[in-house]
Structures are given as C-alpha cells and as structure tokens.
Amino acid sequence: MDAIITGESERIGLSVIDNNDVEHLIEMDEEGRVKYHEQEGYPDDPAERTIAGNEHVNRARRFAKYWVYRERGYETLEWRHNPNRITAAAMAIAPLTAEAAAEYLGDFTQQFDHIHGDAEPAVSVPDEIQPADAVYQKDIYVGFEDQALGSLVGDLLGNDDVMAALGRVIDPTTARPDDAAFSAALAEITGKDPADVPNLSDGCLLEAVSGLHVHWDDAAGQYHTQWGEQPEIERDPHARIEIFEFDPDSIVELKCQIARHLLCQVRDCYLGMGIAPPEPFRLLGAGHHGAGTRYEHYDFYDRYHDPTAEISTWYEEYTPENAYDTSLAEIKS
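So that you can map any letter, position 189 of the sequence shown is 189 in UniProt numbering, and since no number is skipped, the others follow by simple counting.
Here it is in structure tokens:
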C-alpha cells in the first residue's frame, strides 16, 4: 500500500496504490466521509466484484483514511478502528491491580461466573440466545486528550522497557510485572518527576467504562446489540472490548486476556488497511469480531484470530516506510 495526498481544500484528495498495484483516486472530508472513489482495477458495482476485489477496495479506503489521519491529524478514522486509541486503552488496562481490574472489569467476571456456575448474571440476555453464544462488549474511555495520542503512543512503542512489560502482561507463561516500567516511561514522556506520576495500577489512565453490551446474530444472520449503560461523557470511547465468554482463573487473568485482545484489535486495524502491524502487535488471537469473521471465511487472509495458526504473511512487503509515525501530523483541534 502507498498513498500521496494530491490536494486539500474542502476535501482531501489522495492517490492510493493497493497491494494489487491498482490506483485508487479518493476524496474525503475532514471527518473521513468518502465523497469520491475512482479505480479501474475492479468492477464499479460491488455485487460484481469478487470477495477479494471488494476487500482490496475496502482496504484502499481504510488506508486512505489512516494516511490523512497520519499526515494531517484530522479525525478521519472511526474510533473503533483507530490503532492509537486502542493502544492507549490497552496501556491503561494492562497495569491494573486485581482490585482496580475488579472495579472496571468485574461485570465480565460476574457474567462468566453465571455462565459457568451459579452467580447472578451481571446482565440479562434476550431469550432467543444462550448466554454462552453472545459477544460481551464494554467501552473504554481513556483520560488522554486525542491530540496527545499520536505522540504518546509513538513514544510508548519506542520504549523497550514498556513493550517488554506489556509483553509480560499478555503472556500467561511469565510472571506479571508491576507498573514500574509504565510509570517510568510516562514520567519520561511527560517530563514529570517519577514521584509525581500517579500509580497506573490504580487505573489513573482510565476515565470511565460503560456497562456490558450484549451482541449477537440471529438465525437469519442479522446482528443485534443490547446496549449497557454509558457514562455521561460527551465524546467517543477509545476502544470497545468484544469477547466471547471464557473461564478465567482470576480477575488478573481476565485483565491480561483483555489487554491481549485489545492489542489484537490494533493488529486488525493495520491488517484491514493491507499493511503489517508494528512488531509488538503481531499476535494471534481474537481481536475485532468483524475482522475475525473475515479471517475465518476469506481464504486470502491467514487465520490471525486463531492462536494455533501458522501465518504466511504480515504484509511487510506492502508497508510504507514510517507508516506508524502518526506524530508527523499537525493535529487539528
């Protein structure tokens, strides 16, 4: 994938070259709404394209939105598919103590204990589905301003101690680290004295979380969502957890699996654009529910959602230089 911005007035124009060497001419507004898309490599009617052809077109649009976000700082990415926002949510959850994890994530534990035992449910599910068949979701609100995310995430990804600590958090075979590496990195990035940096394990990076949402598909294949309670915050969340039930050994195990799940969502953001994720996000496991459906049913994707899969490509050969450097953008407020 490659892109150049060809013009900017009321719309931002781009030329995108996809992984099939097809050029796409795309125009969008500052909120990422595509106003024009021309290409000659695939039929104009989506119904006449192959599944692969449709995905090449969709990737070109996703990559174009990311490139405008990267180069100009406009909020062209939908929040659930913004890798910086999701990374910030994972960084906020990873250091939590058991007590803090229970405060923010305990309704998952209660719901799963209901499915596997005799606990009262945290949320009722519709009669038409079994509780074990639903996808359980929760929105995460991080206390960083959006304007700081690009620089912050870039600094965190470049900090070896932070990435090593994050790797230990999501690896069930290693000892769980404390939040020292995260706090030290945050102190360095913000220029504060380490003594003045709040304890990340208490959840100081988390502003709020929603209640549990229940997401399912019916016999006709139609998706439905029963929405949980939302905090009184007038902005979009940074990420949405979306997991099937499982039987964690403890609240700490649940937290670690959720952190890994969010990092897999970051992986899906990049793969959905046709480029490789940064090295720390080349993980296997369930991320975005929709991406997992594509990996399961589209034979041109590897099974990235399957922890036991053998992966043939991470699309490194299609990834532009400095593709991950969103700090280049002059963030518009």
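Cβ coordinates follow ideal geometry from the N, Cα and C atoms, glycine included. The model shown is predicted, which means the values in this text are computed figures rather than measured ones.
Quick one: Cα of PRO237 to Cα of CYS264, how far? Position 237 of the sequence shown, counted from the start, is the residue given in the question as residue 237. Position 264 of the sequence shown, counted from the start, is the residue given in the question as residue 264. Going from the Cα of PRO237 to the Cα of CYS264 covers about 18 Å.
Enumerate in chain order the residues of its own chain whose CB-to-CB distance from ILE258 is below 8 Å, with the five nearest sequence positions on each side excluded. Residue mapping note: residue 258 aligns to position 258 of the sequence shown, counting from 1. Closer than 8 Å at Cβ, skipping near neighbours: ILE93, LEU105, PHE108, ILE241, ILE243.
Who are the Cβ neighbours of ILE233 in its own chain at under 8 Å, not counting the five residues just before and after it? Taking the sequence shown and counting its residues from 1, one reaches residue 233 at position 233. If we look at ILE233 and ignore the five residues flanking it on each side, its Cβ neighbours are TYR141, GLU207, ALA208.
Whose C-beta lies closer than 6 Å to the C-beta of ILE86 among residues of the same chain, with five residues either side of it excluded? Numbered from its first residue, the sequence shown carries residue 86 at position 86. ALA239, LEU262, GLN265, VAL266, listed in sequence order.
State the DSSP-derived secondary structure class of ASP139, mapped to helix, strand or coil. Here the question's residue 139 lines up with position 139 in the sequence shown. In the structure shown, ASP139 sits in a strand (DSSP, three-state: E or B).
From ALA291, ALA134, THR308, MET273, pick the residue whose C-alpha is nearest to that of ALA3; which is it? Reading the sequence shown from its first residue, position 3 is the one you call residue 3. Ranking the options by Cα distance to ALA3, first place goes to MET273.
Measure from the alpha carbon of PRO95 to the alpha carbon of each residue in HIS114, ALA122, SER201, then state which is nearest. Along the sequence shown, read from residue 1 onward, the residue named residue 95 stands at position 95. With distances taken between Cα atoms, PRO95 lies closest to SER201.
If you run the structure through DSSP and keep just helix, strand and coil, what is GLU330? Position 330 of the sequence shown, counted from the start, is the residue given in the question as residue 330. Residue placement at GLU330 cannot be trusted, given a pLDDT of 46 that sits under 50; the coordinates are not used to answer.
Suppose only complete runs of 4+ residues qualify. What are the alpha helix (DSSP H) ranges in the region 190-278, listed by chain order? Counting only runs of 4 or more, we get 251-271.
Compute the Euclidean distance between the alpha carbons of TYR315 and MET1, then round it to the nearest angstrom. In the sequence shown, residue 315 corresponds to position 315, counting from 1. In the sequence shown, residue 1 corresponds to position 1, counting from 1. A direct Cα-Cα distance of roughly 9 Å separates TYR315 from MET1.
Using the Cα positions of THR293 and GLN230, report the straight-line distance between them to the nearest angstrom. Residue numbering aside, residue 293 sits at position 293 when the sequence shown is read from its first letter. Residue numbering aside, residue 230 sits at position 230 when the sequence shown is read from its first letter. Each residue's alpha carbon lies about 27 Å from the other.
Reducing DSSP to helix, strand and coil, say where TYR69 ends up. Taking the first residue of the sequence shown as 1, we reach residue 69 at position 69. Helix at TYR69.
For a test of the three-state rule: what should DSSP assign to MET28, helix, strand or coil? Counting from 1 along the sequence shown, the entry for residue 28 is found at position 28. DSSP places MET28 in strand when its eight states are reduced to three.
Using 8 Å as the threshold, is the region 274-290 in touch with the region 115-126, meaning 3 or more CB pairs across them? no
Cα-Cα separation between VAL16 and ASN54, rounded to whole angstroms: Numbered from 1 along the sequence shown, position 16 holds the residue referred to as residue 16. Numbered from 1 along the sequence shown, position 54 holds the residue referred to as residue 54. Approximately 15 Å, taken between the alpha carbons.
Ignoring anything shorter than 3 residues or poking outside the region 58-133, list the beta strand (DSSP E) runs there in chain order. none
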